[in-house]
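Colleague: In this note's numbering, the protein residues as written are 2 to 302.
A virtual CB, placed ideally from N, CA and C, is assigned to each residue, including glycine.
Note that this is a predicted model, so its numbers are computed, not measured.
A single structure is presented below for examination.
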Amino acid sequence: MNFDGILFFPLTPFDSAGGVNEEVLAEHVSSGVEHGAGGVFAACGTGEIHALSAAEHAAVVRRSVEVTAGRVPVVAGAGGSVGTAIEQAHAAKRAGADGILLLPPYLVAAPQRGLVEYVRTVASAVDIPVVVYQRGSMVFTADSVAELAGIPSVVGFKDGVGDLGSMHQIVLAARRVRGEEFTFFNGLPTAELTVAASRGVGVPLYSSAAFAFVPEVANAFYTAFHAGDALADTLMREFFDPLVRLRDRVPGYAVSLVKAGARLRGMDVGGVRAPLVDPTSQDEADLAELIETGLSLVKGE
2 MNFDGILFFP
12 LTPFDSAGGV
22 NEEVLAEHVS
32 SGVEHGAGGV
42 FAACGTGEIH
52 ALSAAEHAAV
62 VRRSVEVTAG
72 RVPVVAGAGG
82 SVGTAIEQAH
92 AAKRAGADGI
102 LLLPPYLVAA
112 PQRGLVEYVR
122 TVASAVDIPV
132 VVYQRGSMVF
142 TADSVAELAG
152 IPSVVGFKDG
162 VGDLGSMHQI
172 VLAARRVRGE
182 EFTFFNGLPT
192 AELTVAASRG
202 VGVPLYSSAA
212 FAFVPEVANA
222 FYTAFHAGDA
232 LADTLMREFF
242 DPLVRLRDRV
252 PGYAVSLVKA
262 GARLRGMDVG
272 GVRAPLVDPT
282 SQDEADLAEL
292 IETGLSLVKG
302 E
């Protein structure tokens with residue numbers, strides 16, 4: 002899988018009856034691809050994989066693959082118990098996804114050999130490329146990632162922890178096994194804040210939560226950052242840093258604010274499912290003001 006650009010993690014829209022709104026999902030995914038996403042990661046964390054039934058997960062992946070139509074890779078979320086992760090991986094393959102993002106097993110503390118075996122078991126059960134997502138209860142040492150890199154179908158590693166020293170060791174260890182073909186992603190919330198540091202340790206790609214509701218701002222930052230343009234610093238100071246402070250007010254806002262932002266931009270994505278909560282009216286008003294600030298900076302107003 003080749004990724005070039007911001008990695009897009011679509012929301013999962015829900016209709017007024019609480020079901021998945023595939024029509025709005027198609028609009029959302031299509032818009033992201035048209036705005037230049039380097040890859041579509043469907044039914045992952047931002048897509049509330051934790052709250053989807055097996056049938057809903059399969060439907061979200063299938064529709065995302067249809068809409069993307071081969072323009073960029075589509076990676077589907079999978080995780081939880083070994084059995085659930087394998088079922089989701091099979092569903093993703095049947096839907097035509099290019100790979101899976103393997104999320105951690107839930108509420109389980111395990112040693113390194115257990116975490117490696119979790120990945121190995123899922124990877125060996127279905128013939129589909131696997132990107133491993135390090136976060137929460139699944140945090141690896143460099144030696145363990147070297148083992149993962151030795152599994153042919155494991156093609157990448159997404160970091161959601163942010164320990165730069167550890168990540169530098171992980172990158173070096175994986176490169177010794179697989180060379181440059183092994184892909185690394187910065188998957189920290191609001192990754193724009195850490196993109197420079199992550200690139201410094203060999204992690205060039207990143208996912209952008211902002212891309213899901215203000216792709217204009219996310220793209221402007223991406224372009225300015227890579228060009229050394231001062232606009233990147235301005236957007237960091239005036240948009241992304243305040244967004245992080247707003248996000249940190251309430252647990253789960255990393256998803257809830259993104260969905261609220263999409264609603265503020267006119268997309269009928271509905272609210273979040275429990276246990277997440279939608280933003281308060283004041284927090285949503287603050288988000289609306291922040292969106293206007295970001296768009297004004299991009300337009301040069």
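If you scan the stretch 136–173 from start to end, which runs of the beta strand (DSSP E) of 3 or more residues do you find wholly inside it?
Modeller: Runs of the beta strand (DSSP E) inside the stretch 136–173: 155–160.
Colleague: Near phenylalanine 183, what residues of its chain come up, given a Cβ to Cβ distance below 6 Å and the 5 sequence neighbours on each side ignored?
Modeller: Ala150 and Ala175.
Colleague: Can you tell me whether serine 208 is helix, strand or coil according to DSSP?
Modeller: DSSP places serine 208 in strand when its eight states are reduced to three.
Colleague: Can we say the stretch 49–60 touches the stretch 281–293, given the rule of at least three CB pairs closer than 8 Å?
Modeller: Judged by Cβ distances under 8 Å, the stretch 49–60 makes no contact with the stretch 281–293, as fewer than three pairs qualify.
Colleague: In the structure shown, what three-state DSSP assignment does tyrosine 107 receive?
Modeller: Here tyrosine 107 sits in coil by DSSP.
Colleague: Going by the CB atoms, is the gap between glycine 6 and glycine 39 shorter than 8 Å?
Modeller: Yes.
Colleague: DSSP three-state label for threonine 224, please.
Modeller: It is helical.
Colleague: Flag this pair as yes or no: are the beta carbons of tyrosine 134 and leucine 103 separated by less than 8 Å?
Modeller: Their beta carbons are under 8 Å apart, which means tyrosine 134 touches leucine 103 by this criterion.
Colleague: Between the alpha carbons of alanine 221 and phenylalanine 240, how many angstroms are there, rounded?
Modeller: Cα to Cα, the separation comes out at about 12 Å.
Colleague: Rounded to the nearest angstrom, what separates histidine 36 and leucine 296 at their Cα positions?
Modeller: Rounded to the nearest angstrom, the two C-alpha atoms are 15 Å apart.
Colleague: Across the stretch 40–48 and the stretch 71–91, are there enough close Cβ pairs to call them in contact, namely three or more that are closer than 8 Å?
Modeller: Yes, since at least three Cβ pairs between the stretch 40–48 and the stretch 71–91 fall closer than 8 Å, the two stretches touch.
Colleague: Please classify proline 252 as buried or exposed, where buried requires at least 16 neighbouring CB atoms within 10 angstroms.
Modeller: By the neighbour-count rule (16 or more Cβ atoms within 10 Å), proline 252 is not buried but exposed.
Colleague: Measure the beta-carbon distance from phenylalanine 15 to arginine 274 and round it to whole angstroms, keeping in mind my assumption that it falls under 8 Å.
Modeller: Contact flag correct, Cβ pair sits at about 7 Å.
Colleague: Can you check whether the CB of valine 202 is closer than 8 Å to the CB of histidine 169?
Modeller: Yes; because the gap between Cβ atoms is below 8 Å, this pair is in contact.
Colleague: In three-state DSSP terms, what is phenylalanine 9?
Modeller: Strand, per DSSP.
Colleague: Checking 8 Å against the spacing of the C-beta atoms, do leucine 291 and leucine 236 come in under that value?
Modeller: Their beta carbons are not under 8 Å apart, which means leucine 291 does not touch leucine 236 by this criterion.
Colleague: Could you work out which residue in Pro243, Val256 and Leu206 is closest to glycine 157 when comparing CA atoms only?
Modeller: Minimum Cα distance to glycine 157 is reached at Leu206.
Colleague: If I follow the unbroken beta strand (DSSP E) through glycine 78, where does it start and stop?
Modeller: Looking at the DSSP string, the run of the beta strand (DSSP E) that includes glycine 78 is 75–79.
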